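Trainee: Protein chains in written order, with the working numbering: chain A, 240 to 722; chain B, 240 to 722.
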């Protein structure tokens, strides 16, 4: 099913010097020449996000408007010329949702990077879409506030991209994903009109929830030009533990036990042996590479944190942990978190080592199941790896039932690619069979379109098309994504 | 602006015995005769929700299907005959969203009242829409779980109605409103197709967020036939305090201080003197009727609750509270909560006493502003009450900035109605000027359509119509509501 996508995926089209066109002239007139990029190297740089093995075209131009009026001008010009618009943030996405299509206008929001307001009493921030997640998180922290969503890419990804993909992260097990924090949006529609959705209030039910319709729509319905975000009070310092398991299924059992006993850890992550080994090879951290799985948990419940951590420890031991280790200070806790954050680059490096000369590919998958089905998911992925004869490492947000089975393939070997593709499909199938979803936080983009259709069924697909047609009848925005 | 609505609103059309029609025959064949009600008294009973002064028509028939297949049969039959369908839960709404229109099929979900599943590990429940909020809350509490949304009507309102209106309540200041708990829906569309939205997982970003598009859409986009709800672990016992203020604005200042200091009370309610007096007259509770405002606050932070309550006490005193009283036990705390819960019936009784012979009308308004603007809202409402010369009591969810200014009018006196209408409009205008929304939790229904249009502007209105047209092109569902 995905064969066409996979086979065409890393053959970038040849880039050549683009001639001036009336559209380019209009864009330059509207934005100024420095915001309109046609240098082939820059076009190449803006072809794709971080999803491996997804098709990407060559844009006509990359534009970097500085404000909403600039975005309106770009959208209106592109619409006049019937040229599609592909919005991009920091291109850290993992589903190809930001990949260019041939001849498109890539609209980068990276120059719209102002924090417009932080209000500690109403606990909200108003930002342009190009603000980097870590920049915002730091700015609100200095006001005693907290913006929880922390995708793996948080040090480089933008709020606009986070909102467009409804990004998750490690804090989400307790604090929820991006959409829980989006109070309101400013969006440029395909007509060039500027729509304001939502509110600045804690509660509000005025009309349809357009805000959350745009959150996670991956740039297919409009261009986000401003975001109003709810903030929380800064959390307490957290205490952290590591539990070592000789079986991934036991780790899954521990996660189910933690949920069943009503605990709400502020972090509950799982790394399997493949990832532990990859991280140690990438940057030695003293991780137990003889373990089959490692659970990383934290509690930020203030005076109760030590008690909660003791309960977590007991549950892990009852589930069969061979060792449970409590971090003795914040430095040690930060090091454990850092190890978890290295999982993605470490696996990329592992794939590169496995198949040299740039042939090592990594398909970073993303599947979520109900918490009670986590052990079955982990068992199933191990079985699929064996049956399909491909290396698959598993890492992820165990407390949410949201795992990333990461598949290593040899791009130069069609048989390896075919085995990888089969494993990918089998994991998706397993996730749905377990009552799960084909994407917990990375989105649909190009990678999961077929599986989205399976998950939501023909009625769901029809309603998606009806909404897309209602908002973007000519298919101007990010064509080929999601649907 | 609202004059036509207000003047026509309590003149119920004459009811007469309805003749059998082909539509009624089809409905009886599909559902069985006992689920198809045409008795004039029953039709009259199903004309309206609890919103005063909103127009209501006379339905052709009230149907009470028992399952999704029954709902599909009703929708298909109504669509074939071009007869609108108005869904109803327990008719406790406060904006007229459930009011019948002449000749419509009223589809009551009250017979679809099964709790289908409670899963403590995945922390979710699956219910039919007719399950009463309190019934679900009790059932999950017995499993050590918690379903937070607690609208004032929670002992009689249904989950289907709560979802359709995105109901709020007192717990929301800490735990959020209904939409935060809706993981997925089953919805019957205007085509008669059955759409499943969302998921059973903690996280999920597969496709557009159709779930939250239907939440709060007040039955205008589809009929909700099943709801998958996220649950939380049961909270700790809470500690409660009451703070008495000689000025409502001081109480507002206290609320802003509580937010600014990063506290997250599990309850933060305000009652003004009008409500205190109304409650004491309705059911003597020993409330301080000489106070201008009373703040009711609770903390459920376990071992930290006493400390948090002490901080709340200090903030209230600094803001000028004349007395702060901490409930000494759970019984006393429950009594305070009960006093707050009586605010609505007590004000209804106050209105009835003010203008006897059934002429006392109460417009229960609903406005939300950013927390920092609460004091300005309270000041403004007092000014509007004086200027318009109508009694207005204010009660509500101060911690969310979501207040209910309740306007007492004499239905028999056009001048009183006109003054009430003017006060209503002035409050809406003030709320928007303060950066707020025309409805924090009661919804748009019939009561706020003009103000919704002002709040979201012409682009917002156009997008609403486009989405309505995409999902319900013939205007089958709940015509005249929201838009």
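Each residue gets a CB set at the ideal place from its N, CA and C atoms; glycine is no exception.
None of the values given here were measured: they were computed from a predicted structure.
Step through the CB atoms of chain A and report whether any lies within less than 7 Å of the CB of residue 442 (chain B).
Mentor: Interface residue, yes.
Trainee: Would residue 395 (chain A) pass as an interface residue toward chain B - the criterion being a Cβ-Cβ separation below 7 Å?
Mentor: So no, residue 395 (chain A) is outside the interface.
Trainee: Taking 7 Å as the threshold (beta carbon to beta carbon), is residue 366 (chain B) in contact with chain A?
Mentor: No, residue 366 (chain B) does not count as interfacial toward chain A.
Trainee: In this structure, does DSSP put residue 642 (chain A) in helix, strand or coil?
Mentor: Strand.
Trainee: Could you name each continuous beta strand (DSSP E) segment of 3 residues or more that falls completely within the segment 570 to 642 of chain B, going from the start of the chain to the end?
Mentor: Taking only runs of at least 3 residues, the beta strand (DSSP E) segments lying wholly in the segment 570 to 642 of chain B are 599 to 603, 631 to 636.
Trainee: Pick helix, strand or coil for residue 697 (chain A), following the three-state DSSP scheme.
Mentor: If DSSP states are grouped into helix, strand and coil, residue 697 (chain A) belongs with the helices.
Trainee: Establish whether the CB of residue 389 (chain B) and some CB of chain A are separated by less than 7 Å.
Mentor: Answer no: the Cβ-Cβ gap between residue 389 (chain B) and chain A never drops below 7 Å.
Trainee: Roughly how many angstroms separate the alpha carbons of residue 495 (chain B) and residue 361 (chain A), rounded to a whole number?
Mentor: Whole-angstrom Cα-Cα distance: 8 Å.
Trainee: Measure the CB-CB distance between residue 371 (chain B) and residue 354 (chain B) and report whether it falls below 7 Å.
Mentor: Cβ distance not < 7 Å, so residue 371 (chain B) and residue 354 (chain B) don't count as in contact.
Trainee: Can you give me the start and stop residues for the alpha helix (DSSP H) that residue 473 (chain B) sits inside?
Mentor: Element bounds for residue 473 (chain B): n/a, residue is neither H nor E.
Trainee: Beta-carbon of residue 423 (chain B) versus every beta-carbon of chain A: anything under 7 Å?
Mentor: Answer no: the Cβ-Cβ gap between residue 423 (chain B) and chain A never drops below 7 Å.
Trainee: Quick one: is residue 356 (chain A) buried, meaning 16 or more other Cβ sit within 10 Å of its Cβ, or exposed?
Mentor: Counting Cβ neighbours within 10 Å, residue 356 (chain A) comes out exposed, since fewer than 16 surround it.
Trainee: So, is residue 708 (chain A) buried or exposed, given that buried needs 16 or more other C-beta atoms within 10 angstroms?
Mentor: Burial call: exposed.
Trainee: Between residue 447 (chain B) and chain A, is the shortest Cβ-Cβ distance under 7 Å, so that the two count as touching?
Mentor: Yes, residue 447 (chain B) lies at the interface with chain A (some Cβ there is under 7 Å from its Cβ).
Trainee: Span of the beta strand (DSSP E) holding residue 543 (chain A)?
Mentor: Neither: residue 543 (chain A) is in no beta strand (DSSP E) and is coded neither H nor E.
Trainee: Taking the alpha carbon of residue 302 (chain A) as the reference point, which residue from A:446, A:270, A:308 has its own alpha carbon closest?
Mentor: If we check each option's Cα against that of residue 302 (chain A), A:270 comes out closest.
Trainee: Could you check the C-alpha separation between residue 502 (chain B) and residue 536 (chain B) for me, to the nearest Å?
Mentor: Taking the straight line joining both Cα atoms gives about 11 Å.
Trainee: In chain B, what lies closer than 9 Å to residue 434 (chain A) by C-beta?
Mentor: 695, 696, 698, 699, 701, 702, listed in chain order.
Trainee: Can we say the segment 311 to 327 of chain A touches the segment 341 to 351 of chain A, given the rule of at least three CB pairs closer than 8 Å?
Mentor: Taking 8 Å as the limit for Cβ pairs, the verdict is that the segment 341 to 351 of chain A does touch the segment 311 to 327 of chain A.
Trainee: When the cut-off is 7 Å and only beta carbons count, does residue 260 (chain B) lie next to chain A?
Mentor: Chain A contact via Cβ: absent.
Trainee: So does the segment 406 to 419 of chain B actually touch the segment 430 to 449 of chain A, counting three or more Cβ pairs closer than 8 Å?
Mentor: Short answer: they touch.
Trainee: Exposed or buried, which one is residue 245 (chain A) when buried takes at least 16 other CB atoms within 10 Å?
Mentor: Model confidence at residue 245 (chain A) stands at a pLDDT of 47, short of 50, so the residue's coordinates are unreliable and nothing is read from them.
Trainee: Along chain C, in chain order, which residues have C-beta atoms closer than 9 Å to that of residue 283 (chain A)?
Mentor: In the structure shown, chain C cannot be found, because the protein chains are A and B.
Trainee: With DSSP run on the structure shown, which of helix, strand or coil describes residue 721 (chain A)?
Mentor: The answer is coil: DSSP assigns residue 721 (chain A) none of H, G, I, E or B.
Trainee: Tell me, please, whether the CB atom of residue 359 (chain B) is closer than 7 Å to any CB atom in chain A?
Mentor: By this cut-off, residue 359 (chain B) is an interface position.
Trainee: Check the C-beta distance from residue 387 (chain A) over to residue 471 (chain A) and give it rounded, since I have them as a contact under 8 Å.
Mentor: Yes, residue 387 (chain A) and residue 471 (chain A) are in contact; Cβ-Cβ is about 6 Å, under 8 Å.
Trainee: Per DSSP, which one or two residues make a beta bridge with residue 423 (chain B)?
Mentor: The partner list for residue 423 (chain B) (beta bridge, DSSP) reads B:437, B:467.
Trainee: Looking at the C-beta of residue 304 (chain B), does it have a partner C-beta in chain A at a distance below 7 Å?
Mentor: No - not a single Cβ of chain A is within 7 Å of the one on residue 304 (chain B).
Trainee: Report the neighbours of residue 710 (chain A) on chain B: residues whose CB is nearer than 9 Å to its CB, in chain order.
Mentor: 702, 705, 706, 709, listed in chain order.
Trainee: Please list the residues of the segment 523 to 547 of chain A that have a C-beta atom closer than 9 Å to any C-beta atom in chain B, keeping them in chain order.
Mentor: Those residues of the segment 523 to 547 of chain A that come within reach of chain B (Cβ to Cβ, closer than 9 Å) are 540, 541, 542, 543, 546.
Trainee: Can you pull the chain B neighbours of residue 472 (chain A), defined as C-beta to C-beta under 8 Å?
Mentor: In chain order: 501, 502, 503.
Trainee: How would you list, in chain order, the residues of chain B whose beta-carbon sits under 8 Å from the beta-carbon of residue 477 (chain A)?
Mentor: The contacting residues do not exist; residue 477 (chain A) stays about 15 Å from chain B at best.
Trainee: Please determine if the segment 653 to 661 of chain B and the segment 683 to 700 of chain B are in contact, where contact requires at least 3 C-beta pairs separated by less than 8 Å.
Mentor: Because the criterion of three Cβ pairs below 8 Å is not met, the segment 653 to 661 of chain B and the segment 683 to 700 of chain B do not touch.
Trainee: Any idea if residue 465 (chain A) is buried or exposed, counting beta-carbon neighbours within 10 angstroms, 16 or more meaning buried?
Mentor: Buried, because 16 or more other Cβ atoms sit within 10 Å of the Cβ of residue 465 (chain A).
Trainee: Could you check whether the Cβ of residue 570 (chain B) sits closer than 7 Å to any Cβ belonging to chain A?
Mentor: Output row for residue 570 (chain B): interface = no.
Trainee: Measuring alpha carbon to alpha carbon, tell me which of A:576, A:574, A:577, A:599 ends up nearest residue 586 (chain A).
Mentor: For the residues A:576, A:574, A:577, A:599, the minimum Cα distance to residue 586 (chain A) belongs to A:599.
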